[in-house]
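Okay, structure coming up:
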């Protein structure tokens with residue numbers, strides 16, 4: 004399957020390490036993919052699993068050994084009336100049983116069409132690959148047992164890049180000073196916002212006095228009592244709809260990610276551009292982002308800002 008569906012593996016030590024990591028994921032996902040044959044041009048007749056539960060090479064090793072087209076595609080061996088295996092000799096009497104079984108198997112095969120061959124992802128009913136379903140399929144069993152908050156991470160209606168950022172936050176792998184120092188960067192760690200504490204994930208996004216004002220802004224608006232947990236994962240587990248359903252629940256679910264994305268943008272602006280916003284400007288940025296996300300992915304129309312905030 005890899006020859007036609009994947010790029011070549013990364014072998015040089017000078018190749019991109021990120022792409023090498025992505026390419027290596029193929030080993031994890033290939034068993035969760037099945038082939039839907041269209042025109043048969045990308046499907047390896049003998050070496051892909053496309054007809055039955057194993058490759059035809061495994062099912063009919065004696066026929067495969069006789070074929071002169073062992074690397075052929077499905078389209079290569081289909082004549083319009085039947086299959087031409089390009090055998091290098093006539094079959095012996097004791098090999099007739101194999102060819103009979105072969106024709107019986109191929110009678111159940113999908114007829115070729117003019118459509119392109121494609122891969123079907125088993126993790127979704129519609130067969131379309133999503134990052135959330137892949138994570139659900141591949142996540143370690145201990146995360147399942149511990150109630151890892153994947154629904155709050157991947158099903159919250161926010162831009163996909165922010166879903167991914169939230170996932171990194173939950174794993175505490177966002178590149179704060181603390182994590183950069185773990186990679187031997189030897190930085191003098193300090194929070195870019197308060198300039199008082201070491202810049203860790205949980206400090207920057209939860210406990211920094213600047214970040215805390217964003218949390219309090221939403222909590223006070225909702226008029227609820229909430230004790231802030233110590234870690235990002237605990238926030239994701241306990242953050243709920245407070246008895247609301249439908250669109251109100253969806254709007255409330257995006258609040259943590261909205262705060263975190265605002266703080267991360269402010270942090271990076273201070274780090275890389277030397278530009279500092281005051282707390283009022285940061286609050287306005289956060290509310291503006293919240294309104295934009297509600298409008299784009301929750302509300303779906305042009306409600307004004309006051310209505311969105313009132314709906315918290």
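Residue numbers (the numbering used here): 4 to 315. We put the CB at the ideal spot given by N, CA and C, even for glycine. Every value quoted in this text rests on a predicted model; they were computed, and no experiment measured them.
Per DSSP, residue 121 is one residue of the beta strand (DSSP E) stretching across 121-124.
Judged by DSSP in its simplified three-state form, residue 192 adopts coil rather than helix or strand.
For residue 52, the secondary structure class from DSSP, reduced to helix, strand or coil, is coil. Rounded to the nearest whole angstrom, the CA to CA distance from residue 134 to residue 39 is 21 Å. Rounded to whole angstroms, the separation of the alpha carbons of residue 136 and residue 33 is 14 Å. For residue 37, the enclosing beta strand (DSSP E) stretches over residues 36-39.
Judged by their CB atoms, residue 78 and residue 118 are not nearer to each other than the 8 Å cut-off. Contact between residue 186 and residue 124 is ruled out by a C-beta separation of about 33 Å, above the 8 Å threshold. Considering only 42, 274, 47, 8, the residue with the shortest C-alpha distance to residue 29 is 8. Out of 234, 242, 235, the CA that lies nearest to the CA of residue 228 is found in 242.
In the DSSP assignment, residue 81 is bridged to 86.
Secondary structure at residue 75: coil, using DSSP grouped into helix, strand and coil.
Nearest in C-alpha terms to residue 47, of all of 74, 172, 264, is 74. Only buried fits residue 254, as 16 or more other CB atoms lie within 10 angstroms of its CB. If you draw a straight line from the Cα of residue 210 to the Cα of residue 153, it is about 23 Å long.
In the displayed model, residue 47 falls within a strand according to three-state DSSP. Straight-line measurement puts the Cα of residue 259 at about 11 Å from the Cα of residue 222. Counting other Cβ atoms within 10 Å of its Cβ, residue 264 reaches 16 or more and is therefore classed as buried. Distance between residue 215 and residue 162, taken at the CA atoms: about 23 Å. Distance from the CA of residue 224 to the CA of residue 208, rounded to the nearest whole angstrom, comes to 20 Å.
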